[in-house]
Each structure stands twice: as structure tokens, then as C-alpha cells.
Amino acid sequence: MSELFSKATLIISMVAVAAQSTLSYYIKGPRCPKWPLWFQVHRDAIHRAIRTKPKSQPTDETIDQIDFEQVAALNLKWDLPESDISAEIGTYRKSAIEVSDVQIDPASAFAGCGLAGTKLAALTAADCTEEGSLRKISFELTVPASFNLPTTADTDAFSNKPLFPGERIILYLHGGAYKLGSAASHRGLTGRIANHATLRCLTINYRLAPLHPFPAQLHDAYIAFMYLVSHGFAPKDIVIAGDSAGGNLSLALVVLLRKACISVRGLLLLSPWSDLTTERPSLQRNAKFDFLCAPPLASPLNPARTFYAPGRKLSVEMLDEMAYPLVSPVYADFVDFPPTLVQAGEKEIIVDEISQLFENIAAANPHASQGRYVYECYADMIHVFQQFLNLPDAQQAIARAGAFIKAL
């Protein structure tokens with residue numbers, strides 16, 4: 008009964024938000040010049056749904072009282088909705104990686120990674136136990152309508168192996184603050200990117216925080232990459248792509264691979280969350296525009312903290328750990344970095360750190376050829392605006408993302 012009441016309250020609240028947003032639109036005009044009415048209403052509704060104002064905001068003094076299993080259950084309750092694609096975009100099939108089938112040597116894979124490497128090695132060891140050997144990583148493989156499938160009689164478009172020599176493929180890592188999202192929630196976006204790129208796309212469902220803190224997500228991403236390699240895809244034929252937290256994960260994966268001298272084809276980063284340690288000016292400047300909102304870093308429920316070390320009090324030592332490039336890739340060494348396209352929205356709250364990320368990449372490669380590193384900041388747009396598929400700027404950004412990947 009209480010759950011039914013809370014849902015009814017939310018629905019009433021959403022109706023009120025929609026009415027208020029619509030009234031404001033017609034009286035004051037759009038909040039940003041490029042916002043259609045439906046977009047402003049959607050933005051306001053999402054912002055209201057994810058905005059958390061508990062009666063008693065937890066602090067580090069009460070951190071021991073937080074039930075993170077309950078937090079995870081609440082995240083699941085309000086998870087991102089499933090999206091779909093039409094046959095004109097492509098088709099997809101669900102499958103899973105048998106973790107035990109992917110062989111990892113921690114000594115070589117995670118060498119020179121410090122504390123993160125120790126944690127990654129421990130996760131690898133856990134997968135070697137009797138219980139861990141049964142673990143699977145589910146994924147969706149998308150075959151876009153534009154994909155040029157070989158005409159041999161025995162060709163399976165959903166094969167986990169290259170369908171022809173030198174076939175390139177996209178490994179997509181979804182966003183959701185490391186606590187939400189799935190391959191299904193991003194299906195509409197990944198399908199369109201793949202269709203513009205004319206490449207197949209594998210999107211994994213990595214483990215989510217807070218029940219699976221750092222580096223579980225990086226471990227799963229690494230396994231997925233090696234899964235593709237073990238089935239015949241050359242590293243240089245794999246494009247890594249991701250949005251928001253998935254952009255963070257994409258960067259971290261490439262940083263990890265580079266430590267082992269493994270190079271990928273390129274990266275696509277949509278509104279990448281690249282710095283978990285610093286709250287930059289755009290956090291306040293764009294708060295009234297972006298739907299994205301979160302408790303401050305001082306709160307134990309801040310997504311950076313529930314991802315990295317849920318239940319641990321904030322300290323200088325912890326911030327130092329979170330500044331490590333596998334956690335906050337903005338601080339990575341970007342010399343000779345793979346070709347990268349970064350897309351951001353001018354009105355998103357993390358645009359300052361995204362700009363800093365690209366500045367760092369460009370500064371580390373002053374003699375890079377034109378077009379190797381590209382930054383596109385879309386006027387009036389918000390965090391991962393590409394997910395609003397009917398928005399003209401989203402359609403343009405997705406088309407440009409696909410074109411960038413296709414040209415690699």
C-alpha cells in the first residue's frame with residue numbers, strides 16, 4: 008500500500024511539474040532558445056524524479072547507518088527505461104560472456120596499476136573460484152541495417168567472431184552514474200550510432216555500484232574487450248564508446264590497455280564523466296538547465312563516492328586515490344592517445360571537466376593530425392542529450408559520431 012501511495016504521489020508530482028513547465032514555456036519562453044516544449048517538460052520531469060531531498064541528509068557522521076543494499080534496490084526501482092530500435096535502424100540479440108572462458112593473467116594485465124591493479128587482480132582471483140567461474144556478463148549485440156553482411160550461405164550476423172578479415176566493431180559502455188542503466192536503456196542510442204558507423208556494436212551490462220564498487224566495472228569492461236580479442240577481433244579493430252559514466256569507463260579501459268601496450272582503433276565519448284574529485288564552476292552555473300543533479304561530494308550518497316568506496320568516510324587519502332587515472336581519467340597521460348571524438352552539451356553541469364579533458368588530450372599531442380582529436384560542444388544542450396532521439400541536435404551529433412567512427 009505504501010509503495011502504491013508513493014507511486015501515486017510521484018505521478019501527481021510529475022503532472023504538476025509538466026503543467027508548471029508548460030506554463031513557464033508559454034509565459035517566459037523556452038529556458039534555452041533551442042529547446043522545444045516537449046524537451047523542456049522532459050528535462051523538468053527527469054530532474055524532479057532524480058532529485059533527492061531526504062528529510063535527514065546522511066553525513067559522514069552517520070555513514071554507518073546507511074543500508075547500501077537498500078540504496079541499490081532503490082536505484083533498481085528507478086532504473087532507466089528500456090528503449091528499442093526499429094528494423095530500419097537494426098536488430099539485436101541478447102547473449103552473455105562466460106567469464107571463465109576469458110583467460111586473464113593479472114601479472115601482465117594489471118602491472119603498474121597500483122592499488123587499482125591489486126583490486127583488479129583480486130576480482131580476477133574471485134572469478135577463478137568455484138562460484139566465480141559461473142559468473143556471466145550479459146550483453147546485446149546490435150547488427151545495424153546499414154551493415155554490409157557477407158553473402159555466404161553460412162553467415163550468422165550475430166556471430167561473436169569477425170564476419171570478414173579486418174572487421175571493426177564497437178564496444179559500448181553505457182552511462183548511468185555507475186548505478187543505473189543497461190544495454191536495453193541505451194539500445195536506441197547505440198543502434199543509431201552503429202547504423203551511422205555501419206559497424207556491429209556490443210553493449211555489456213557491467214556490474215553496478217554500490218554493491219559492486221570500483222573496479223568491478225573496469226574489470227567487466229576489460230573482460231569484454233578480451234572476449235572480443237579471444238574471438239578473433241584485433242585490438243586495432245575495436246572502437247571503444249560510452250556516455251557519462253560509460254565515458255569514464257571507456258577512458259579508464261583505454262588507459263589500462265595502454266599500460267599493457269595495447270592500442271584500440273579509437274574512442275567516442277559522449278558527455279564523459281572524467282573527474283570524480285573536483286566540483287567545477289559549471290556544476291552551479293548550469294544547475295538550472297541540466298537535468299543531472301547529485302548530492303555534493305561531502306555526502307556519502309554522492310555517486311562518485313558510492314562508486315569508488317561506498318561506506319567510507321571522505322578523506323585526503325581517499326581523494327588522492329580517486330585522482331588516479333583509472334578512476335578520474337582526466338589526469339591520465341594522453342601522449343599518443345588513440346583518435347577521440349568528445350561530445351558535450353554547453354548547458355550540462357560537467358561541461359567544464361569535459362572541456363578540461365579535451366584540453367589535456369590536445370595539449371599532450373600538439374603535432375597530431377587534423378581530425379584525430381575532435382571536441383564538439385553543442386549550444387543549449389544538456390548531459391547526454393543524444394539520448395533524446397527526436398531532438399535535431401541529438402540526431403546531428405549521432406550522425407557525426409557515426410561518421411567519425413566510420414572514418415577511423
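Heads up: take any position in the sequence shown, counting from 1, add 7, and you land on the numbering used here.
Cβ coordinates follow ideal geometry from the N, Cα and C atoms, glycine included.
Which residues mark the beginning and the end of the beta strand (DSSP E) in which L209 is found? R207 to I211
Could you pull the DSSP bridge partners for F341 from this structure? BP columns for F341 are empty, so no partner.
On the criterion of 16 or more Cβ atoms from any shown chain inside 10 Å, does C268 qualify as buried, or is it exposed? With fewer than 16 other Cβ atoms within 10 Å, it is exposed.
Quick check on S28: buried or exposed, where buried means 16 or more other Cβ atoms within 10 Å of its Cβ? buried
Inspect the beta-carbon positions of G198 and T149 and report whether they are closer than 7 Å. yes
Less than 7 Å separating the beta-carbons of P217 and V78? yes
Reducing DSSP to helix, strand and coil, say where P151 ends up. strand
Looking at C-beta atoms only, is the number of pairs between the stretch 295-304 and the stretch 367-375 that lie closer than 8 Å three or more? With a cut-off of 8 Å, the stretch 367-375 and the stretch 295-304 do not count as touching, because too few Cβ pairs lie within range.
Per DSSP, what kind of secondary structure is A25 in: helix, strand or coil? helix
Can you tell which of K41, H54, T210 and A56 has the C-alpha that lies nearest to the C-alpha of S102? T210
Would you mind stating whether F75 and Y185 have Cβ atoms separated by less than 7 Å? no
Delimiting residues of the beta strand (DSSP E) encompassing Q350: T347 to G352
Entirely within the stretch 365-397 and at least 3 residues each: give me those beta strand (DSSP E) ranges in chain order. 380-385
In the structure shown, what three-state DSSP assignment does A123 receive? helix
Using 10 angstroms around the beta-carbon of K126, count the other beta-carbons present and answer buried if the total reaches 16, otherwise exposed. By the 10 Å Cβ count, K126 comes out buried.
Going by CA-CA distance only, name the one from S322, P345 and A204 that's closest to L260. P345
Looking at the unbroken beta strand (DSSP E) that takes in T98, where does it start and where does it end? G97 to E105
Beta-carbon within less than 7 Å of I368's beta-carbon, same chain only, minus the 5 sequence neighbours each way: which residues are those? Closer than 7 Å at Cβ, skipping near neighbours: F341, F344, T347 and Y380.
Give the straight-line distance between the Cα atoms of R142 and S362, rounded to the nearest whole angstrom. 38 Å
Only counting the same chain, and skipping five residues up and downstream in sequence, which positions put a Cβ closer than 8 Å to that of E286? P303 and L304
Closest by C-alpha distance to Q393, when choosing among G352, F365, L415 and Y382: Closest by alpha carbon: G352.
Restricting to runs no shorter than 4 residues, where is the alpha helix (DSSP H) found entirely within the stretch 156-230? With a minimum length of 4 residues, the continuous alpha helix (DSSP H) runs that stay inside the stretch 156-230 are 194-204.
Does DSSP classify I144 as helix, strand or coil? strand
Using DSSP bridges, identify the partner residues of A248. Y179 and L275
On the criterion of 16 or more Cβ atoms from any shown chain inside 10 Å, does P220 qualify as buried, or is it exposed? buried
Considering Q72, what are the terminal residues of the alpha helix (DSSP H) in which it resides? Neither: Q72 is in no alpha helix (DSSP H) and is coded neither H nor E.
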